[in-house]
Amino acid sequence: MLIVMQRSATPEQVRAVCDRIREIGFVPHEIPGSTRVAIGITGNPGPVSPELFQDLAGVHECVPVSRPYKLVSREVKPEPTVVHVRGEPIGDGRLSIIAGPCAVESRDQIMRTAEHVARNGAKFLRGGAYKPRTSPYAFQGLKDEGLRLLEEVKKVHDLRIVTEVKDTETVREVAEVADVLQIGARNMQNFSLLEAVGRLRRPVLLKRGISATLTELFMAAEYLLSLGNYEVVLCERGIRTFETMTRNTFDISALAMIQHHTHLPVVADPSHGVGICWAVPAMALAAVVAGADGVMVEVHPDPTRALSDGQQSLTFEAFETLAAKLRFLADWRASAGIVPSRRSTHK
Ligand code: PEP
Ligand code: MN
Numbered sequence: 486m487l488i489v490m491q492r493s494a495t496p497e498q499v500r501a502v503c504d505r506i507r508e509i510g511f512v513p514h515e516i517p518g519s520t521r522v523a524i525g526i527t528g529n530p531g532p533v534s535p536e537l538f539q540d541l542a543g544v545h546e547c548v549p550v551s552r553p554y555k556l557v558s559r560e561v562k563p564e565p566t567v568v569h570v571r572g573e574p575i576g577d578g579r580l581s582i583i584a585g586p587c588a589v590e591s592r593d594q595i596m597r598t599a600e601h602v603a604r605n606g607a608k609f610l611r612g613g614a615y616k617p618r619t620s621p622y623a624f625q626g627l628k629d630e631g632l633r634l635l636e637e638v639k640k641v642h643d644l645r646i647v648t649e650v651k652d653t654e655t656v657r658e659v660a661e662v663a664d665v666l667q668i669g670a671r672n673m674q675n676f677s678l679l680e681a682v683g684r685l686r687r688p689v690l691l692k693r694g695i696s697a698t699l700t701e702l703f704m705a706a707e708y709l710l711s712l713g714n715y716e717v718v719l720c721e722r723g724i725r726t727f728e729t730m731t732r733n734t735f736d737i738s739a740l741a742m743i744q745h746h747t748h749l750p751v752v753a754d755p756s757h758g759v760g761i762c763w764a765v766p767a768m769a770l771a772a773v774v775a776g777a778d779g780v781m782v783e784v785h786p787d788p789t790r791a792l793s794d795g796q797q798s799l800t801f802e803a804f805e806t807l808a809a810k811l812r813f814l815a816d817w818r819a820s821a822g823i824v825p826s827r828r829s830t831h832k
């Protein structure tokens with residue numbers, strides 16, 4: 486159930502509704518809009534009677550919510566969410582560029598990459614310190630040392646750090662450095678991790694699971710929002726299909742679906758989406774036209790020597806060329822008004 490307040494409702498009236506929700510044992514979620522406040526309810530096992538609220542001052546209407554992903558859906562919040570990461574918005578209609586190596590490998594590697602991506606318009610540096618790898622024998626990341634290197638980057642460059650949080654044990658340690666906590670595809674349904682990150686007040690990049698439906702992705706995001714962390718950015722990174730020529734099948738339709746069904750920003754990750762460096766730029770550009778709020782790509786000073794995902798990493802030169810095209814396309818997209826999804830209301 487969503488309680489829509491009158492435009493003229495006072496903060497006291499909003500508080501009184503939230504108090505009533507708590508009194509009956511449920512959890513209120515204030516959802517601010519540009520013209521009115523709405524209050525979502527979670528924790529209720531079944532439908533909640535509108536009569537409990539209709540007598541309260543300032544209440545406009547009580548609307549049943551049909552989606553299982555209540556707080557994530559456009560039904561409860563028609564206006565798009567903009568996530569602010571240390572002053573840098575994701576989802577305000579412009580294009581955010583997130584770039585960097587798959588994994589932090591050395592001071593020289595991360596510093597050089599940071600300098601290069603910042604110079605070419607990226608406001609976010611990606612790089613894993615803790616790496617979940619398919620093989621236990623593969624490079625697992627520099628771990629704490631990797632975090633220290635990312636911390637150093639922050640002191641030198643105007644870059645926000647996106648880095649993966651692999652398990653509940655390291656949430657605190659990673660959150661000390663990360664501006665955005667990445668929850669990887671393999672962890673999309675790690676419910677303990679979702680709960681731990683949901684209790685933090687830190688932006689999250691939630692990647693779609695390797696074989697996850699969009700509803701499953703939205704339900705994973707719902708864990709975060711239901712615990713009070715509303716700063717969630719979704720990420721399409723390709724899914725497993727019968728196709729073997731590409732690493733995954735980059736699901737461009739997911740970008741449109743996410744924009745339509747949720748109010749959360751969406752970032753495209755064509756690097757993991759196709760897994761082949763020469764195919765990454767075309768997919769990145771396609772994602773911009775399809776309405777992505779951001780593009781995340783892997784970049785490495787020498788992809789042939791990368792300790793992970795070298796085959797899909799862009800060289801500095803390739804990134805420079807792509808970044809110029811991304812900026813061009815993002816400007817054109819804004820002037821052509823081809824991102825209606827960020828403004829559309831739920832139907
Ligand atoms: C990554 O971003 O390097 C990564 C491991 O991604 P995913 O979780 O999507 O496989
Ligand atoms: Mn990677």
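One rule links them: number in the working numbering = place in the sequence shown (from 1) + 485.
We put the CB at the ideal spot given by N, CA and C, even for glycine.
Please read these numbers as outputs of a predicted model, since none were measured by experiment.
Would residue i and residue j be called neighbours here (beta carbons separated by less than 7 Å)?
i           : j           : result
residue 541 : residue 501 : yes
residue 794 : residue 783 : yes
residue 607 : residue 584 : yes
residue 740 : residue 771 : no
residue 761 : residue 725 : no
residue 526 : residue 511 : yes
residue 683 : residue 709 : yes
residue 664 : residue 571 : yes
residue 821 : residue 580 : no
residue 499 : residue 522 : yes
residue 669 : residue 639 : no
residue 557 : residue 750 : no
residue 586 : residue 626 : no
residue 575 : residue 758 : no
residue 636 : residue 662 : yes
residue 634 : residue 592 : yes
residue 550 : residue 536 : no
residue 681 : residue 656 : yes
residue 513 : residue 506 : yes
residue 799 : residue 624 : no
residue 752 : residue 717 : no
residue 705 : residue 737 : no
Using the rule of at least 16 other Cβ atoms within 10 Å of the residue's Cβ for burial, across every protein chain shown, is residue i buried or exposed?
i           : result
residue 677 : exposed
residue 654 : exposed
residue 730 : exposed
residue 667 : buried
residue 486 : buried
residue 509 : exposed
residue 797 : buried
residue 582 : buried
residue 449 : Any property of residue 449 remains undetermined from this structure, which presents the chain solely from 486 to 832.
residue 823 : exposed
residue 641 : exposed
residue 539 : exposed
residue 732 : buried
residue 825 : The pLDDT assigned to residue 825 is 48, lower than 50, so where the model puts this residue is not dependable; a value taken from the coordinates is nonetheless given after this. Exposed.
residue 531 : exposed
residue 786 : buried
residue 520 : exposed
residue 788 : buried
residue 832 : Its pLDDT being 39, under 50, residue 832 is placed unreliably in this model, and the coordinates cannot settle the point.
residue 790 : exposed
residue 830 : Since pLDDT at residue 830 reaches only 42, below the 50 mark, its modelled position is unreliable, and no value is offered.
residue 565 : buried
residue 554 : buried
residue 621 : exposed
residue 700 : exposed
residue 711 : buried
residue 590 : buried
residue 767 : exposed
residue 809 : exposed
residue 497 : exposed
residue 707 : buried
So residue i and residue j are supposed to be a Cβ contact under 8 Å. How far apart are they, rounded?
i           : j           : result
residue 727 : residue 755 : About 20 Å; that fails the 8 Å criterion.
residue 813 : residue 605 : Going by Cβ atoms, the distance from residue 813 to residue 605 rounds to 13 Å, so no, they are not a contact pair.
residue 573 : residue 687 : Actually they are not in contact, since the Cβ atoms of residue 573 and residue 687 sit about 14 Å apart, beyond 8 Å.
residue 647 : residue 609 : 5 Å
residue 818 : residue 765 : About 19 Å; that fails the 8 Å criterion.
Do we get a CB-CB distance below 7 Å when we pair residue i with the residues of chain D?
i           : result
residue 534 : The structure shown contains no chain D, having only a single protein chain.
Please list, in chain order, all residues with a C-beta atom less than 5 Å from at least one heavy atom of the ligand MN. Taking each Cβ in turn, the ones that pass are 587, 794.
Cβ contact check for the stretch 642-653 and the stretch 613-629: 3 or more pairs under 8 Å: The stretch 642-653 is in contact with the stretch 613-629.
Inter-stretch contact (C-beta, 8 Å, three-pair minimum) for the stretch 737-753 and the stretch 542-549: Cβ pair count under 8 Å is below three, so no.
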